[in-house]
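In UniProt numbering, the protein residues as written are 1 to 519.
C-beta atoms are modelled at their ideal positions from N, C-alpha and C, and glycine is treated no differently.
For reference, the structure is listed below as structure tokens.
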Amino acid sequence: MLDNTQVERLEAEAVNSAKVRQPLYAARKKVFPKRASGSFRQFKWLVMAITLGIYYLTPWLRWDRGPFAPDQAVLLDVANRRFYFFFIEIWPQEFYYVAGLLVMAGVGLFLITSTVGRAWCGYTCPQTVWVDLFLVVERAIEGDRNARMKLDAGPWTARKLALRVSKHAIWLVIGAATGGAWIFYFADAPTLAGELFTGTAAPVAYITVAVLTATTYTFGGLMREQVCTYMCPWPRIQAAMLDENSLTVTYNDWRGEPRSRHAKKVLAAGQPVGDCVDCNACVAVCPMGIDIRDGQQLECITCALCIDACDGVMDKLGREHGLISYATLSDYNANMMLATAGGSGSVNPSLVRTADGLFSDKVAHFHIRKIFRPRTYVYMGLWSLIGLGLLYSLLTRDRLEVNVLHDRNPQFVTLSDGSIRNGYTVKLLNMIPEPRTIVVTLEGLEGAEMSVVGVDLPAGRSVPISVEPDRLKMLKVFVRQPAGQIHGTAQTFKFRAEDKASFESDEYTATFNAPEIAR
Ligand code: SF4
Ligand code: SF4
């Protein structure tokens with residue numbers, strides 16, 4: 001076990017903390033995050049593997065929808081205006097499902113933020129994940145923090161040039177793979193991949209890959225923490241979603257201060273001393289270039305790497321983990337009151353400990369029940385309600401639709417036998433990937449018959465129509481009613497469309513117009 005003076009002190013500066021940050025026209029001070037190890041780092045590796053795996057592999061998953069529909073599990077088919085997601089197929093008029101999912105994602109983000117703070121930023125945001133990936137490459141080529149800082153400060157040599165070229169080349173390959181994976185969501189992935197490499201893909205594919213390569217390389221490799229600090233609105237919005245019971249990464253100065261590297265001397269002088277040995281390990285690992293000991297900051301993405309770094313130091317010192325921890329503001333405030341004797345003085349960490357050095361029973365710790373409070377119940381309720389509504393609507397939605405447009409000019413035609421004829425455009429939507437025979441029937445409109453242009457059948461009250469899989473069929477339909485059976489200048493009736501095989505049906509109420517004189 002080490003004492004305070006034996007813990008290595010890292011020369012780390014919080015170059016991106018608001019109090020030392022240069023004005024915007026000043027050159028950025030580079031951040032060289034040190035590799036962290038610990039349970040949060042392990043968890044972040046896992047999340048990174050899962051999120052990147054989902055992103056890169058999803059377009060290659062296949063889903064058999066029969067011979068008349070694409071077999072790509074997730075496909076945004078812009079040309080045919082369809083969105084395929086495994087067994088779900090969304091037509092343009094059903095876009096409300098996508099809107100519903102976006103609302104659910106928004107409410108979910110509120111829920112997560114109000115409970116575990118900026119977990120989205122710290123673990124799953126694409127910017128965080130890709131920066132992490134780019135840092136893996138940087139460390140593998142240039143080494144950890146000290147080696148990178150030395151290389152950066154050193155003169156340009158053949159070695160430095162070779163390392164930098166290798167690093168940037170791999171970053172560009174990652175950027176191109178990111179852009180490449182994105183376009184595979186919009187077309188059959190194996191086909192498009194072949195076209196891409198043989199130079200026969202559409203220009204828009206190459207342009208999209210180029211733009212996404214550039215943005216991934218710039219945001220993930222060059223700008224890194226600046227994207228979160230200057231470009232992203234989320235840090236500003238999240239403040240409204242946090243409350244005193246939200247978990248955030250917190251430096252517990254009620255046990256850490258006064259910080260000192262020479263605890264024995266300070267104690268011998270009769271002064272209190274906290275657990276922080278001022279080793280800067282937490283600053284050195286921070287990818288945002290800040291010092292969590294300065295308190296909650298907009299720049300902190302709550303990646304928790306400083307927790308791992310500090311827990312490692314506490315292990316060496318034989319002290320409890322959690323000098324930096326996930327904590328709620330209410331627990332933090334309660335512990336600060338304890339450590340400052342009700343706010344009457346500065347922090348005295350001996351006030352939070354018993355005579356044998358253990359934490360006092362009065363120290364507040366996080367309890368899982370703090371997650372369940374009115375605010376989170378509302379978010380959870382709203383989220384579940386929207387989800388259940390979408391699910392119900394999805395399971396009960398029609399896969400057959402009929403829509404009708406009445407001819408505007410002329411509204412009706414009087415035939416030589418005195419009967420009246422109206423023209424309509426009838427649209428039949430077969431929303432399943434199989435061919436269907438849909439029977440269109442007139443309901444109401446006494447004595448009327450219809451004929452369909454291009455269908456070689458005598459006029460009647462019912463016409464069977466073949467509709468291709470997953471297609472909309474437009475019919476020109478004329479409805480004729482004998483003069484003696486006309487009962488008004490605007491009679492309503494129905495076009496009913498029915499698939500006799502599946503018993504699915506839909507109907508549309510239309511109007512039949514006639515002149516006053518015809519009655
Ligand atoms: S202060 Fe800690 S939690 Fe916040 S960004 Fe830095 S390392 Fe991550
Ligand atoms: S908070 Fe922990 S990691 Fe940071 S300087 Fe203090 S002891 Fe070191």
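- The beta carbon of residue 285 sits closer than 8 Å to the beta carbons of 33, 34, 35, 36, 305, 306, 308, 309 from its chain, once the five residues preceding and following it are set aside; these are given in chain order.
- In the DSSP assignment, the residues bridged to residue 450 are 460, 479.
- Residue 405 and residue 390 have their C-alpha atoms spaced approximately 29 Å apart.
- Residue 503 is not a Cβ neighbour of residue 402, given a cutoff of 8 Å.
- Below 8 Å, too few C-beta pairs join the segment 64-84 and the segment 320-331 to call them touching: fewer than three.
- Secondary structure of residue 431 (DSSP, three-state): coil.
- When only Cα atoms are considered, residue 112 and residue 246 end up about 9 Å apart.
- Of all C-beta pairs linking the segment 120-133 to the segment 215-232, three or more are shorter than 8 Å, placing the two stretches in contact.
- With at least 16 other beta carbons inside 10 angstroms of its own, residue 134 counts as buried.
- Residue 436 has 467 as its beta-bridge partners, per DSSP.
- Taking a C-beta distance under 8 Å as the contact criterion, residue 255 and residue 274 qualify as a contact pair.
- A distance of 8 Å or more separates the beta carbons of residue 212 and residue 191.
- Between residue 432 and residue 399 a beta carbon distance of about 5 Å is seen, short of the 8 Å cut, so the two are scored as contacting.
- CA-CA distance, residue 136 to residue 315, rounds to 26 Å.
- With respect to residue 335, residue 252 sits close: the two C-beta atoms are nearer than 8 Å.
- When beta bridges are read from the DSSP output, residue 510 appears opposite 493.
- A check of alpha carbon separations from residue 298 across 446, 347, 237 identifies 237 as the nearest.
- In terms of Cα proximity to residue 501, the closest of 436, 454, 487, 203 is 436.
- In its chain, beyond the 5 residues on either side, 137 have a beta carbon closer than 7 Å to the beta carbon of residue 170.
- A straight-line Cα-Cα distance of about 18 Å links residue 388 and residue 376.
- For residue 294, the shortest separation between its Cβ and any heavy atom of ligand 2 does not lie below 7 Å.
- In the DSSP assignment, residue 115 is bridged to no other residue.
- Inclusion of residue 258 and residue 272 in the CB contact set at 8 Å is warranted, their separation being smaller than that value.
- Set against 7 Å, the gap from the CB of residue 280 to the closest heavy atom of ligand 2 is smaller.
- Under the three-state reduction of DSSP, residue 257 is assigned to coil, being neither helix nor strand.
- Using a Cβ distance threshold of 8 Å, residue 120 and residue 109 count as a contacting pair.
- Boundaries of the beta strand (DSSP E) harbouring residue 403: 400-406, taken from the DSSP string.
- The C-alpha of residue 355 is placed about 17 Å away from the C-alpha of residue 347.
- Using a cutoff of 7 Å, the CB of residue 323 counts as near ligand 2, since one of the ligand's heavy atoms is closer than that.
- Taking 3 residues as the minimum length, the beta strand (DSSP E) runs contained wholly in the segment 214-261 are 247-251, in order along the chain.
- If you look at residue 75, you'll find it in the beta strand (DSSP E) that goes 74-77.
- Note that the C-beta distance between residue 208 and residue 182 is below 8 Å.
- Residue 17: not part of any beta strand (DSSP E); DSSP gives it neither H nor E.
- Where residue 164 is concerned, the enclosing alpha helix (DSSP H) starts and stops at 158-183.
- Excluding five sequence positions before and after residue 321, the CB atoms of its chain that fall closer than 7 Å to its own CB belong to 311, 314, given in chain order.
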